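Novice: Position 14 of the sequence shown, counted from 1, bears residue number 37 in my numbering, the numbering being contiguous throughout.
Have a look at the structure that comes next, please.
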Amino acid sequence: MTLANKITLTRIALIPVFVILMWIGGPGCTIAALILFLVTSATDFLDGYIARKYNQVTDFGKFVDPLADKLLVTAALCMFVEQDLISGALVWIILAREFIITSLRTIAALKGQAMAAAWSGKVKTCVQIAGIIVIFLCQIAANGGELTGAAATLCLAAGIVMTLVTLYSGYDYLKRNWALIADGATTKK
24 MTLANKITLT RIALIPVFVI LMWIGGPGCT IAALILFLVT SATDFLDGYI ARKYNQVTDF
84 GKFVDPLADK LLVTAALCMF VEQDLISGAL VWIILAREFI ITSLRTIAAL KGQAMAAAWS
144 GKVKTCVQIA GIIVIFLCQI AANGGELTGA AATLCLAAGI VMTLVTLYSG YDYLKRNWAL
204 IADGATTKK
């Protein structure tokens, strides 16, 4: 197993620890969860860099790396919904895009095609990470209390921006790969 893949698997293994910290809550656990989120997000860039620099790009890594990103972001967003920091409707839209694009990637793989990562997908991931950090900082600033005023507005704005960028990214992927969708929707004789 390559070093890049080991880093990715370590990132996945840390996600349950992240969820437990968020579930326990309180200022100390929230700060620890934020630090763990920052570390695991940074390893996303590290494993990709190592894979490209040392020619360690593998099919396993192509599958597991985006999965690790989605698991981490989903964990944070679901815990934020539980803590009433972000709307469940916004998270549903974000998750729906992820399921749709993952399904499209599966169809492409079954047809022996690779769906290249689009620039909009990379921007989406960065915006989601930034939005999650903003929500964490608002939560920490509230020191375990209820978010009010500017902090509540900032969380809402972060959720809306993440959702809009995610929607655009989904649209971009669908538009770029429409031929794959159209081909799969026709009857074969």
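The C-beta atom is built at its ideal place from N, Cα and C for all residues, glycine as well.
Bear in mind that the values here come from a model prediction, so they are computed numbers and not experimental data.
Is the distance from the Cβ of Tyr-196 to the Cβ of Gly-154 below 8 Å?
Specialist: no
Novice: What does the alpha-carbon distance come out to for the pair Ile-54 and Leu-94?
Specialist: 20 Å
Novice: Note down the Cα distance separating Ala-165 from Ile-117, rounded to an integer number of angstroms.
Specialist: 26 Å
Novice: Between the C-alpha atoms of Leu-203 and Arg-128, what's the straight-line distance to the nearest angstrom?
Specialist: 10 Å
Novice: Going by Cα to Cα distance, which pick from Ala-181, Ser-192, Gly-172 and Asp-206 is closest to Ile-123?
Specialist: Ser-192
Novice: Compare the beta carbon distance of Ala-27 and Ala-91 with 8 Å and say whether it is the shorter of the two.
Specialist: no
Novice: Can you list, in chain order, the residues of its chain with a C-beta nearer than 8 Å to that of Ile-183? Leave out the 5 residues immediately preceding and following it.
Specialist: The answer, listed in chain order, is Leu-113.
Novice: On the three-state DSSP scale, how would you describe Ala-131?
Specialist: helix
Novice: Leaving out five residues on either side along the sequence, give the residues of the same chain with a beta carbon under 8 Å from the beta carbon of Leu-69.
Specialist: Ile-30
Novice: On the DSSP letters alone, give me the boundaries of the alpha helix (DSSP H) that Thr-189 sits inside.
Specialist: 172–199
Novice: DSSP state of Gln-151, grouped into three classes?
Specialist: helix
Novice: Note down the Cα distance separating Ser-126 from Phe-60, rounded to an integer number of angstroms.
Specialist: 26 Å
Novice: Decide yes or no for the touch test of the region 169–182 against the region 97–114: beta carbon pairs closer than 8 Å, at least 3 of them.
Specialist: yes
Novice: Helix, strand or coil for Ser-110, going by three-state DSSP, please let me know.
Specialist: coil
Novice: With the cut-off set at 8 Å, would you say Val-96 and Gln-162 are in Cβ contact?
Specialist: no
Novice: Compute the distance between the beta-carbons of Gly-111 and Asp-88, then report whether it is under 8 Å.
Specialist: With respect to Asp-88, Gly-111 sits apart: the two C-beta atoms are not nearer than 8 Å.
Novice: Rounded to whole angstroms, how far is the Cβ of Ala-98 from the Cβ of Val-42, which I believe are closer than 8 Å?
Specialist: 5 Å
Novice: Look at the Cβ atom of Arg-34, then the Cβ atom of Asp-67, and state whether they are nearer than 8 Å.
Specialist: yes
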